[in-house]
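Notes follow once the structure below has been shown.
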Amino acid sequence: MDIKMLAGLAKMTHSLSPMSLSLAGIDWVGHLAFAPGKRLELFSLGLEQMQQLWQNALPRPTDAQQAPAAKPDRRFADPAWQQWPFNVTSQAFLNTETWWKSATQNLPGVSKHHEDVVSFMARQGVDMLSPGNYPLTNPVVLQKTMETGGANLQQGMLNFLDDLGRTSQGLPPAGTEDYVVGKNLAATPGKVVYRNRLIELIQYSPTTDKVQPEPVLIVPAWIMKYYILDLSQHNSLIKYMVSQGHTVFCISWKNPGVDEAILCMDDYLALGVEAALDAINAIVPKQKVHAAGYCLGGTLLSIANAAMARDGQDRLASMTLFTAQTDFTEPGQLALFIDDSQLAMLEAQMRETGYLQAGQMVGAFQLLNSYDMLWSRMVSEYLLGERGKMIDLMAWNADATRMPALMHAQYLRRLFLNNDLAGGRYPVRGKPVVMADVRTPIFCVATYTDHVAPWRSVYKLHYMTPAELTFVLTKGGHNAGIVSEPGRKNRYYQILKREVGGQYLSHEDWLQQAPREEGSWWPTWSNWLKERSSGPAVTPPTLGSKDYPVLMDAPGEYVLEK
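Under my numbering, the first residue of the sequence shown carries the number 9, and numbering increases by one thereafter.
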C-alpha cells in the first residue's frame, strides 16, 4: 500500500519528493527566522538594489548617456536590452536573482544538501520569471514581431504544436530524422561478435595493416547509447582509435524493460564487463586488455578492476576513465535529486514499472541547466520562430535509455548516497572491494565545466589508489569535452602524470603545475596506450572466433531499441 501511494504521488509531482523539498524549506526558513543578522543583510541588499534600480529607471535624453545598468550578462547580451525600459526590467531580474542567491546561501545551521535544494528551487522560480521569457518584455522578440508582422509568432506556434504532437506520440525532436543510427551515426564498420540478455559486444574492422597487440574495450554508461563515442565520421572516437592501429571492442547495452527489472549491479558486472572480457580473451588470446569506461561505465569498470585485483586476476593492461567518479562525496548537481526521501519515491515508482523511464533522466538534466536546455530554446523556437539546427550530439542526446529498477536503486544508494566504493564497503558477489588494490596504469580524463561529474570529484581518484595515474583536464563539458576530435578549433587540455606511489597534489596545486597543451587529447591517449604495449604491432585479429562467431553487422540490435 505504501509503495502504491508513493508511486502515485511520484506521477503527480514528476518524481520530485515533496517531503524532501519541504524538509529543505523548513530547514532554511527555521534558521533564517533565528538569524537577524542575515535578515538585516538581505534588507540592506534589497534597499541598495532598489536605489540602484531607481537611478536607472528614468529615461535618458540620448543613447550616449545611457549606460548598462549591470555588467553584461549573456542572457541580455543583445544591445536592445540596454535601451529603456528594457535595461530596467533586465536589471530588476538580475537584482532579484542576486538577492535570492544571497538569501539561500551561507545561512549558518542549514545543511549543505538542504541549502543546495533551496537555492536550486529559488533559481528555478526566478528563471521562470525572467523578462526574456515573455514576448511583451523581450525587446528582441518585439523587434522581430514588428519586422515580420507577427510571422515569427505564427511560426513559433507551429513549432510548439509540432513539439507537442511529437511528445504526445513519443517521437524524437524535430531534426533527429536527419540522423540515422547505422547510416550517419554509429557507422564505423564492425561486427557484433557476442550477445547476452544485457549486452552486445561489437568488434570493429581494422583499417591498418598492423595493430597494437593489446585490444581496447570501451565500456559506455548504461544510461546512454554507446554511439556517443561513434557519432559522425568526423568526430567518432572509435573510428579514430581504429585508424591509429588499435583493435577496438565496445559494449552496447540493452535498453532494459520489465524483463530486466531484477538485474542488479553484480549482473552488470558479470553480464557486462566480465562477459565482454571473456569474449575478447577468446578472440585475441594471450593478451591483456586496455579497458576504457565512460561516465557510469567508468565507475563500473573501476569496480570490476578492484574486484579482479581482490581475486588475483590480472586481465587488464591499463584502465582509462572518461568523466567517471569513484568518490561521490561531491557528485555534482545530480546530488540535488538524491536523498533518502527522493530515493524512496523513485524506488516505489520503479517497482511499479520495472524501470526508470528515459524521460525522467532527461528532465533532470534539463532542470540542472534550465536556461540553456529549456528557456533559451523556448524563446528561440516559440517566440522568435527559429528552429535550432540539429547536430549529431543533440540527436544522440534525444535517444535516451531506461534503467532497470533493482540495479538503479542499488547504484543510487550504494554509490551516490552512501559512497560505499570510496569507503571500502562496496560488495561484489558478497565481498567488499577497494580501489587501493588497483595497480594497473590509469589514464583519467575530466572536463572543466562538467556539472554531472565535476572534475574535482573525478580528481579524488588520486588518493584512492597508489597506481600510476595520468590525469587530463580538458576544455568542455561532460559530453563535448570527450567528443573533442583533432582539428577542432579552440581545444586545449592540461596533463600531469603521477608515478606509482607518488606524492599527492591538491587539485589547486595540480592546476598550477600541469602544463597546458593545445588541441585534442585523443592523440595523447592513443600514444599513451601504445607506450604501454607489450611489443611491436601485429597482424589484426580475425573478427570473431570459433566460440564467438559473427552475429551481424554493427551497430547491432540493442542500440536500436526504443
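C-beta: ideal position from N, C-alpha, C; glycine also. Keep in mind that this is a model prediction, so the values were computed, not measured.
How would you label residue i, buried or exposed, when you count the other beta carbons within 10 angstroms and need 16 or more for buried?
i: ALA78; result: Because the pLDDT at ALA78 is just 47, under 50, the model does not fix this residue reliably, and the value given afterwards should be weighed accordingly. ALA78 should be labelled buried.
i: ILE236; result: buried
i: ALA72; result: In this prediction, ALA72 scores a pLDDT of 45, lower than 50, which makes its location untrustworthy; the coordinate-derived value is nonetheless stated afterwards. Label assigned to ALA72: exposed.
i: ASN377; result: exposed
i: HIS22; result: exposed
i: MET560; result: exposed
i: GLN521; result: exposed
i: TRP530; result: buried
i: THR184; result: buried
i: ARG422; result: buried
i: MET165; result: exposed
Look at residue i and residue j and say whether their C-beta atoms are less than 9 Å apart.
i: HIS242; j: HIS298; result: no
i: ALA595; j: LEU429; result: Shown here, the chain extends from 9 to 570; a query on residue 595 therefore has no answer.
i: THR448; j: LEU324; result: yes
i: THR361; j: ASN263; result: no
i: PHE330; j: GLY306; result: yes
i: SER542; j: LYS296; result: yes
i: THR215; j: ALA562; result: no
i: GLY594; j: VAL387; result: The first residue shown for the chain is 9 and the last is 570, placing residue 594 beyond what the model contains.
i: GLN220; j: LEU537; result: yes
i: MET154; j: TRP404; result: no
i: ILE291; j: ILE207; result: no
i: MET327; j: ALA413; result: no
i: PHE101; j: SER138; result: yes
i: SER349; j: SER127; result: no
i: TYR302; j: ILE490; result: yes
i: VAL436; j: ASP274; result: yes
i: MET415; j: TYR276; result: yes
Just reading off the beta strand (DSSP E) that residue i is part of, what are its end residues?
i: PHE128; result: Segment 120-136 is the alpha helix (DSSP H) holding PHE128; no beta strand (DSSP E) there.
i: TRP230; result: Careful: TRP230 lies outside any beta strand (DSSP E) and carries neither H nor E.
i: TRP62; result: TRP62 -> not in any beta strand (DSSP E); alpha helix (DSSP H) instead, spanning 44-65.
i: LEU423; result: Segment: none, LEU423 is in no beta strand (DSSP E) and carries neither H nor E.
i: TRP463; result: TRP463 -> not in any beta strand (DSSP E); alpha helix (DSSP H) instead, spanning 463-467.
i: LYS505; result: 500-506
i: PHE451; result: 450-455
i: TRP261; result: 256-261
i: GLU526; result: 524-526
Where does the unbroken alpha helix (DSSP H) through residue i begin, and where does it stop?
i: THR106; result: 94-112
i: VAL201; result: Here VAL201 belongs to no alpha helix (DSSP H); instead the beta strand (DSSP E) covers 198-203.
i: TYR212; result: Looking at the DSSP string, TYR212 is not in any alpha helix (DSSP H); the run it does join, the beta strand (DSSP E), is 207-212.
i: MET327; result: Careful: MET327 lies outside any alpha helix (DSSP H), inside the beta strand (DSSP E) at 324-330.
i: GLY190; result: No alpha helix (DSSP H) holds GLY190; DSSP gives it neither H nor E.
i: ILE311; result: 304-318
i: SER534; result: 530-539
i: THR361; result: 348-361
i: PHE345; result: Here PHE345 belongs to no alpha helix (DSSP H), and DSSP marks it neither H nor E.
i: LEU477; result: Here LEU477 belongs to no alpha helix (DSSP H); instead the beta strand (DSSP E) covers 477-482.
Among the options, which one has its Cα closest to the Cα of residue i?
i: MET402; options: TYR556, MET381, GLY543; result: MET381
i: VAL453; options: ASN114, PRO180, ILE503; result: ILE503
i: PRO440; options: ASP319, ASN160, VAL281, GLU338; result: ASP319
i: GLY432; options: GLU507, THR334, ALA475, PRO264; result: THR334
i: MET129; options: MET398, ILE399, LEU31; result: LEU31
i: GLY485; options: ARG47, PRO549, VAL460; result: VAL460
i: ALA88; options: GLU105, THR145, PRO116, LYS120; result: THR145
i: TRP62; options: LEU115, ASN95, ILE210, PRO462; result: ASN95
i: GLU105; options: GLY133, LEU115, TYR566; result: GLY133
i: SER534; options: LEU308, ASN167, PRO223, ARG395; result: PRO223
i: VAL256; options: TRP230, ARG464, PRO544, TYR212; result: TYR212
i: THR175; options: LEU414, ILE34, VAL508, ALA406; result: ALA406
i: LYS46; options: PHE101, GLY117, ALA413; result: GLY117
i: TRP230; options: TYR187, MET165, MET249, LEU308; result: LEU308
i: ALA287; options: ALA41, GLU493, TYR556; result: TYR556
i: THR532; options: GLN252, GLU338, ARG464; result: GLN252
i: TRP36; options: LYS12, VAL200, GLY16, LYS120; result: LYS120
i: LYS468; options: GLU516, ARG496, ALA488; result: GLU516
i: TYR566; options: THR547, TYR434, ARG203; result: ARG203
i: ALA194; options: CYS272, ASP217, TYR390, ASP238; result: ASP238
i: ASP124; options: ASP274, TYR276, ASP347; result: ASP347
i: GLN418; options: GLY527, ALA269, ASN114, VAL201; result: ALA269
Report all residues from its chain with a CB closer than 6 Å to the CB of residue i; omit the five preceding and five following residues, and keep chain order.
i: LEU354; result: none
i: GLY190; result: PRO563
i: PRO506; result: In the sequence on display, residue 506 carries Arg and not Pro. Answer for ARG506: LEU477, listed in chain order.
In its own chain, which residues sit with a C-beta less than 8 Å from the C-beta of residue i, not counting the 5 before and 5 after it?
i: GLN162; result: GLY393
i: MET316; result: ASP322, ARG323, LEU324
i: GLY265; result: GLY362, TYR363, ARG410
i: PRO147; result: ASP86, ALA88, TRP89, GLN91, PHE94
i: TRP107; result: LEU50, LEU53, GLY54, GLN57
For residue i, which residues from the same chain have a beta carbon less than 7 Å from its beta carbon, with the 5 sequence-adjacent residues on both sides left out?
i: TYR501; result: VAL480, LEU481, THR482, LYS483, GLU525, TRP529
i: PRO76; result: Caution is warranted here: a pLDDT of 48 is assigned to PRO76, below 50, making its placement in the model unreliable, and the coordinate value is therefore given only provisionally. Only GLN90, ASN95 meet the Cβ criterion.
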